[in-house]
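If you read the sequences in order, they're chains A, B and C.
Just so we're aligned, residue 1 is where the first sequence starts under our numbering, counting upward by one.
Just so we're aligned, residue 54 is where the second sequence starts under our numbering, counting upward by one.
Just so we're aligned, residue 296 is where the third sequence starts under our numbering, counting upward by one.
Ideal Cβ placement from N, Cα and C applies to all residues, glycine included.
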Amino acid sequence: MPDLGKYADTVLSAYAISIVILIGIVAVSVWQARQARARLEDIESRRNTKPKT
Amino acid sequence: MSIWEYANPTRFMQTSGKLLPAVSVLSFVCLVVGLIWGFFFTPDDYRQGSTVKIIYLHVPSALMAINGWLMMLVTSLIWLVRRHHVSALAAKAAAPVGLTMTIIALVTGAIWGQPMWGTYWAWDPRLTSFLILFLFYLGYMALWAAIENPDTAADLTAVLCLVGSVFALLSRYAVNFWNQGLHQGASLSLDKEENVADVFFFPLLVAIAGFVLLFLALVLLRTRTEIRIRRAGALIARERLS
Amino acid sequence: MIALLRRDLKLAIRAGGGFGLGLAFFLILVVLVPFGVGPESGILSRIAPGILWVGALLSCLLSLDRIFQLDYEDGTLDLLATAPLPLEAAATLKALSHWLTTGLPLTIAAPFLGVLLSMPSEATLWLVASLAIGTPALSMLGTFGAALTVGLKRGGLLVSLLVLPLYMPTLIFGAEAVSRGAQGLPATTALLFLAAITAGCAALLPFASAAALRMNLR
Chain A
1 MPDLGKYADT VLSAYAISIV ILIGIVAVSV WQARQARARL EDIESRRNTK PKT
Chain B
54 MSIWEYANPT RFMQTSGKLL PAVSVLSFVC LVVGLIWGFF FTPDDYRQGS TVKIIYLHVP
114 SALMAINGWL MMLVTSLIWL VRRHHVSALA AKAAAPVGLT MTIIALVTGA IWGQPMWGTY
174 WAWDPRLTSF LILFLFYLGY MALWAAIENP DTAADLTAVL CLVGSVFALL SRYAVNFWNQ
234 GLHQGASLSL DKEENVADVF FFPLLVAIAG FVLLFLALVL LRTRTEIRIR RAGALIARER
294 LS
Chain C
296 MIALLRRDLK LAIRAGGGFG LGLAFFLILV VLVPFGVGPE SGILSRIAPG ILWVGALLSC
356 LLSLDRIFQL DYEDGTLDLL ATAPLPLEAA ATLKALSHWL TTGLPLTIAA PFLGVLLSMP
416 SEATLWLVAS LAIGTPALSM LGTFGAALTV GLKRGGLLVS LLVLPLYMPT LIFGAEAVSR
476 GAQGLPATTA LLFLAAITAG CAALLPFASA AALRMNLR
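Shown next as structure tokens:
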């Protein structure tokens, strides 16, 4: 841990907030991607199992 | 080989599926290396003390906030001219990422500004133009969300993006006229004289590369999501018809 | 073209809504400000240019969703789109009639409201000039915003979100011209920039508005 001097709070809070926000957007994107993929696979499997009319 | 091949959603899905893990890993590595290098192994600035370490978050995110809008402008233009759906969806996918970058730039800037300028917020031209950029991102996303027909939404948001770009640029220079700034001049120009010192510069470059790759990875991932949602919608519509 | 303009003006005046409402809103806003910041004339005269410009801008916003909404609902817009008159011209006329019913009355009313805010008298000329030059740009941009959201059920709030960032440069130069005028500084530069924005808007935005309308009508 480097010595941050009197600005320790400032630097640490900036890093903490930014990293939380970055993880947030990544998590949301991954979650949405999973949802979309699951939904699409669900629909496609339904299409493939259904007998062709 | 031409870039237009990727206008085909299937081709895009194949290539982006292969590209995505590599880009993600690379961006993660760059971010970790750049930020750890910047945070642990750079000296304090003689005037700014340890707050100079915020630069490794502030500058790359600000850069990507602007370049994100630029990317949306280019993809919107491609959509309007050549009507490739992937392009429109990429613009839609980039907006939330750009918005996030804008928020990070604003927040780290505010935190940095408190000890250096004695205030979290000042109506400094660059701060103000970022606030305006933030509003543009919000409006763009709100318009996407409000329109039901996806093609109409893509058209209208593309036009908004074009007009918005002109006015965002205009605001950028209008605020100069209105208030003198607190920001330093360019810290990343090719002109060596006004550049930041090398000790800060190399970790900053790595951090920037990390942010660029992160942006790319997120846009690829989100575009893939949008394509899947679109396809799911189309399949459901077909099911209802039959 | 003149028939369309005359029709829009007539509708705006007879329907009552847009025409008087914007002015009344402007008046109330200006009356409310002294209650908020206190009656000292020193403070009021300092902030008067900004308040008057922001007030004019907000009053312009109020009537934006009326520009196309009624025409869209009763099908007039479809007729306009198929008429021999190019849609760009129709959009320009819509913006012009919006300006005649909101921007022009606001410009005329502003000096009198400036008295309420104890604005220095030498600024009055600059105020009228800057509003006269700047409000057409507001109407043009508003027409563009209205064209983007014409198909939506509840477009009113969205229009504000879309249009307000676009209003920023106009507001900056407009208010700057008046406050420089009030302090006796040369204000022509700001006024020229304002005129440039209006001219640019008039030249380019009708195309954007017409494109947005076509996309919405498709």
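For P464(C), decide whether its Cβ has a neighbour in chain B, counting only Cβ atoms nearer than 9 Å. By 1-based counting over the third sequence, the position of residue 464(C) is 169. When Cβ-Cβ separations below 9 Å define contact, P464(C) makes contact with chain B.
Cβ neighbours of A115(B) in the same chain (closer than 6 Å, five flanking residues each side left out): Counting from one through the second sequence, the residue named residue 115(B) turns up at place 62. For A115(B), the CB contacts under 6 Å within the same chain, skipping 5 residues up- and downstream, are A158 in chain order.
Got a sec? Which residues, its chain only, sit under 6 Å from D97(B) by beta carbon, not counting five neighbours each side? Residue mapping note: residue 97(B) aligns to position 44 of the second sequence, counting from 1. S103, listed in sequence order.
Against I157(B), what residues of chain A qualify as contacts under a CB-to-CB distance less than 9 Å, listed in chain order? The count along the second sequence starts at 1 and reaches residue 157(B) at position 104. For I157(B), the C-beta contacts it makes with chain A under 9 Å involve I17, S18, I21, L22, in order along the chain.
Integer-rounded CB distance, given that S18(A) should sit under 8 Å from L110(B): As a working mapping, residue 110(B) is identified with position 57 in the second sequence. As a working mapping, residue 18(A) is identified with position 18 in the first sequence. That belief holds up - the Cβ atoms of L110(B) and S18(A) are roughly 5 Å apart, short of 8 Å.
6 Å Cβ shell around L152(B) - same chain, five flanking residues per side excluded: What you label residue 152(B) is simply residue 99 of the second sequence in a count that begins at 1. Y190, listed in sequence order.
DSSP three-state call for T172(B): helix, strand or coil? The count along the second sequence starts at 1 and reaches residue 172(B) at position 119. T172(B): coil per DSSP, three-state reduction.
Where T153(B) sits in the DSSP three-state scheme: Translated into positions along the second sequence, residue 153(B) becomes position 100. Helix at T153(B).
Does the beta-carbon of L436(C), which I'm using as the reference point, lie nearer than 8 Å to any heavy atom of the ligand NAP? This structure simply doesn't include the ligand NAP, nor any ligand for that matter.
Please report the distance separating the alpha-carbon of G476(C) from that of E383(C). Your numbering for residue 476(C) matches position 181 in the third sequence. Your numbering for residue 383(C) matches position 88 in the third sequence. Taken atom to atom, the span from the alpha-carbon of G476(C) to that of E383(C) is near 36 Å.
If you measure between the beta carbons of L271(B) and V20(A), is that distance less than 9 Å? Counting from one through the second sequence, the residue named residue 271(B) turns up at place 218. Counting from one through the first sequence, the residue named residue 20(A) turns up at place 20. Against a cut-off of 9 Å, the Cβ pair of V20(A) and L271(B) comes out as no contact.
Option in W421(C), S425(C), L347(C), S434(C) with minimal Cα separation from L324(C): Translated into the one-based positions of the third sequence, residue 324(C) becomes position 29. Per the Cα distances, L347(C).
Among L316(C), I342(C), T430(C), G315(C), nearest to V543(C) - alpha-carbon criterion: This structure cannot speak to residue 543(C), because chain C is shown only from 296 to 513.
Give a yes or no on whether 9 Å exceeds the smallest Cβ distance from G527(C) to chain B. Here chain C has residues from 296 to 513 only, and residue 527(C) is not among them.
Label K6(A) either buried or exposed according to how many other C-beta atoms from any shown protein chain fall within 10 Å of its C-beta, with 16 as the threshold for buried. The residue labelled residue 6(A) in the question sits at position 6 within the first sequence. Exposed: under 16 other Cβ atoms inside 10 Å.
What separation, rounded to the nearest whole angstrom, lies between the Cα atoms of A14(A) and Q167(B)? Here residue 14(A) refers to the residue found at position 14 when the first sequence is read from its first residue. Here residue 167(B) refers to the residue found at position 114 when the second sequence is read from its first residue. Cα atoms of A14(A) and Q167(B): separation of roughly 11 Å, rounded to the nearest angstrom.
Straight-line CA distance for R135(B) to A141(B)? For the purposes of this step, residue 135(B) is taken as residue 82 along the second sequence, with counting starting at 1. For the purposes of this step, residue 141(B) is taken as residue 88 along the second sequence, with counting starting at 1. Spanning the two alpha carbons is a distance of roughly 10 Å.
Cβ-based neighbour list, Y462(C), same chain, cut-off 7 Å, excluding 5 preceding and 5 following: Translated into the one-based positions of the third sequence, residue 462(C) becomes position 167. For Y462(C), same chain residues with a beta-carbon under 7 Å away, outside a window of 5 residues either side, are L352, L433, L436 in chain order.
Assigned secondary structure, D360(C) (DSSP; H/G/I helix, E/B strand, else coil): For the purposes of this step, residue 360(C) is identified with residue 65 of the third sequence, where counting begins at 1. Three-state result, D360(C): coil.
In terms of alpha-carbon separation, which member of A262(B), A290(B), R275(B), R291(B) lies closest to V112(B)? Translated into the one-based positions of the second sequence, residue 112(B) becomes position 59. Selected option, being the one with the closest Cα: A262(B).
Residues of the stretch 189 to 207 of chain B whose Cβ lies closer than 8 Å to any Cβ of chain C, in chain order: Those residues of the stretch 189 to 207 of chain B that come within reach of chain C (Cβ to Cβ, closer than 8 Å) are F189, L191, G192, A195, L196, A199, I200, T205.
Please report the straight-line C-alpha distance between R284(B) and R293(B), rounded to a whole angstrom. As a position in the second sequence, residue 284(B) is number 231, starting the count at 1. As a position in the second sequence, residue 293(B) is number 240, starting the count at 1. Their backbone Cα atoms lie some 14 Å apart in a straight line.
Considering Cα atoms alone, identify which of S504(C), L422(C), T397(C) is closest to L408(C). If you number the third sequence from 1, residue 408(C) lands on position 113. Nearest to L408(C) by alpha-carbon distance, out of S504(C), L422(C), T397(C), is L422(C).
Using the Cβ count rule (16 or more neighbours within 10 Å means buried), how would you classify I428(C)? Position 133 of the third sequence, counting from 1, holds the residue named residue 428(C). Buried: at least 16 other Cβ atoms inside 10 Å.
Determine, using beta carbons only, whether P460(C) comes closer than 9 Å to chain F. Checking the listed chains, one finds no chain F in this structure; the protein chains it contains are A, B and C.
Counting C-beta neighbours from all protein chains within 10 Å, is the total for W394(C) 16 or more, i.e. buried, or is it exposed? Within the third sequence, the letter at position 99 stands for residue 394(C). Under a 10 Å Cβ-count criterion, W394(C) is classified as buried, with 16 or more other Cβ atoms of the shown protein chains found around its own Cβ.
Express the C-alpha separation of T63(B) and S242(B) in angstroms, rounding to a whole number. In the second sequence, the residue the question calls residue 242(B) occupies position 189. In the second sequence, the residue the question calls residue 63(B) occupies position 10. The pLDDT assigned to S242(B) is 45, lower than 50, so where the model puts this residue is not dependable; a value taken from the coordinates is nonetheless given after this. Per the coordinates, the alpha-carbon of S242(B) lies some 40 Å from the alpha-carbon of T63(B).
Is there a Cβ of chain C sitting closer than 9 Å to that of F220(B), yes or no? Here the question's residue 220(B) lines up with position 167 in the second sequence. At least one chain C Cβ lies under 9 Å of F220(B).
What in chain B is Cβ-close to A27(A), meaning under 7 Å? As a working note, residue 27(A) is residue 27 in the first sequence. Taking a Cβ-Cβ cut-off of 7 Å, A27(A) has no neighbours in chain B, whose nearest Cβ is about 11 Å from it.
Taking only beta-carbon positions, decide if S45(A) is within less than 9 Å of chain B. As a first step, residue 45(A) is located in the first sequence; it is residue number 45 there, counting from the start. The C-beta of S45(A) comes no closer than 9 Å to any C-beta of chain B.
Quick one: grab the DSSP three-state call for H308(B). A query on residue 308(B) cannot be resolved here, the shown segment of chain B reaching from 54 to 295 and no further.
Check each residue of the stretch 272 to 287 of chain B: if its Cβ is closer than 7 Å to any Cβ of chain A, include it; give the result in chain order. Flagged, chain order: L274, R275, R277, T278, R281, I282, R284, A285.
Going along chain C, which residues have a C-beta under 9 Å from F230(B)? The count along the second sequence starts at 1 and reaches residue 230(B) at position 177. Scanning chain C for C-beta atoms nearer than 9 Å to the C-beta of F230(B) yields I467, F468, E471, T484, A485, F488, reported in chain order.
Go to Q67(B), then tell me how far its alpha helix (DSSP H) extends in each direction, as first and last residue. For the purposes of this step, residue 67(B) is taken as the residue at position 14 of the second sequence. Per DSSP, Q67(B) belongs to the alpha helix (DSSP H) from 62 to 93.
Buried versus exposed, by CB contacts within 10 Å (16 or more), P149(B): Within the second sequence, residue 149(B) is the residue found at index 96, counting from 1. By the neighbour-count criterion, in which a residue is buried when 16 or more other Cβ atoms sit within 10 angstroms of its Cβ, P149(B) is buried.
Taking the CB atoms as reference points, tell me whether A505(C) and A424(C) lie closer together than 9 Å. By one-based count along the third sequence, residue 505(C) stands at place 210. By one-based count along the third sequence, residue 424(C) stands at place 129. No. Outside cutoff.
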